[in-house]
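K.L.:
Our numbering puts the sequence shown at residues 249 to 401.
Before I ask anything, let me first share the structure, which is written out below as structure tokens.
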Amino acid sequence: MEYINSLRKHVGNSPLIMVGSTVLVLNSQNKLLMMKRSDSNMWGVPGGAMELGETTEETARRELLEETGLTADGLTLFDVFSGEELYYRYPSGEEVYNISIVYITRGTQGDINLLDGEHYDFQYFELSKLPKDISPPIKPILRKLVDTNLKND
């Protein structure tokens, strides 16, 4: 978020277009890794803003490692999400319109470690039993994930 933080010095809390990557981590039982956010107490998934010069895959891998301590065995592009549904106002008042490039991984290395301060809990959820208190810009992503899995069953 260094790039976004540097922009914030000039624009304050005004809305920014924020390009980032998200990783949907599915375990061998097809359960989704979610983490409880420290700032909003809502459930989210690993992801965050691109830094200058990064590819979206590099962003996905970096964010997954920083936020969970996990390394993805491989990443598969799931979809790109943008628009009004991905608008978000952080508890700090900062506003963003997210463009989220979403990847899926079904294999990871390492142990979950939430030392980044952004999250304080994690859990694997069945796709049919996702929590209700999900961070708003993650909802359209998870809707499509659930719909896609239902069609593949």
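Just so you know, even glycine gets a beta-carbon here, dropped at the ideal spot from N, CA and C.
Can you tell me whether residue 279 is helix, strand or coil according to DSSP?
P.N.:
Numbered from 1 along the sequence shown, position 31 holds the residue referred to as residue 279. Three-state result, residue 279: coil.
K.L.:
Considering Cα atoms alone, identify which of 338, 329, 334 and 302 is closest to residue 260.
P.N.:
Numbered from its first residue, the sequence shown carries residue 260 at position 12. The residue with the shortest Cα to Cα distance from residue 260 is 338.
K.L.:
What number of angstroms, rounded off, separates the C-alpha of residue 344 from the C-alpha of residue 373?
P.N.:
As a position in the sequence shown, residue 344 is number 96, starting the count at 1. As a position in the sequence shown, residue 373 is number 125, starting the count at 1. Residue 344 and residue 373: Cα-Cα distance of roughly 27 Å.
K.L.:
State yes or no: is the C-beta of residue 431 within less than 8 Å of the C-beta of residue 386?
P.N.:
Residue 431 is absent from the structure shown; the chain starts at 249 and stops at 401.
K.L.:
If residue 298 sits next to residue 267, beta carbons under 8 Å apart, how far is it from one beta carbon to the other, in whole angstroms?
P.N.:
For the purposes of this step, residue 298 is identified with residue 50 of the sequence shown, where counting begins at 1. For the purposes of this step, residue 267 is identified with residue 19 of the sequence shown, where counting begins at 1. Contact flag correct, Cβ pair sits at about 5 Å.
K.L.:
Please list, in chain order, all residues of the same chain as residue 324 whose beta carbon is under 7 Å from its beta carbon, the five residues on each side excluded.
P.N.:
Stepping through the sequence shown from its first residue, residue 324 is reached at position 76. The answer, listed in chain order, is 351 and 352.
K.L.:
Can you list, in chain order, the residues of its chain with a C-beta nearer than 7 Å to that of residue 367? Leave out the 5 residues immediately preceding and following it.
P.N.:
Counting from 1 along the sequence shown, the entry for residue 367 is found at position 119. Cβ within range, chain order: 283, 284, 285, 286 and 315.
K.L.:
Have a look at 253, 262 and 257 and flag the residue whose alpha-carbon is nearest the alpha-carbon of residue 336.
P.N.:
For the purposes of this step, residue 336 is taken as the residue at position 88 of the sequence shown. Among 253, 262 and 257, the Cα nearest to that of residue 336 belongs to 262.
K.L.:
Just the Cα atoms here: how many angstroms apart are residue 281 and residue 340?
P.N.:
Numbered from 1 along the sequence shown, position 33 holds the residue referred to as residue 281. Numbered from 1 along the sequence shown, position 92 holds the residue referred to as residue 340. Answer to the nearest angstrom: the Cα atoms are 26 Å apart.
K.L.:
CB-CB under 7 Å to residue 356, same chain, minus the five flanking residues each way: which ones, in chain order?
P.N.:
Residue numbering aside, residue 356 sits at position 108 when the sequence shown is read from its first letter. Excluding sequence neighbours, residue 356 sits near 273, 318, 319, 320 and 321.
K.L.:
Across which residues does DSSP place residue 402 in a beta bridge pair?
P.N.:
The first residue shown for the chain is 249 and the last is 401, placing residue 402 beyond what the model contains.
K.L.:
Is it buried or exposed for residue 328, if we count other Cβ within 10 angstroms and need 16 for buried?
P.N.:
Within the sequence shown, numbered from 1, the residue matching residue 328 stands at position 80. When all chains shown are included, residue 328 counts as exposed.
K.L.:
Give the DSSP-derived three-state secondary structure of residue 285 in the structure shown.
P.N.:
The residue labelled residue 285 in the question sits at position 37 within the sequence shown. It is a strand residue.
K.L.:
Could you have a look at residue 338 and say whether DSSP puts it in helix, strand or coil?
P.N.:
Counting from one through the sequence shown, the residue named residue 338 turns up at place 90. DSSP places residue 338 in coil when its eight states are reduced to three.
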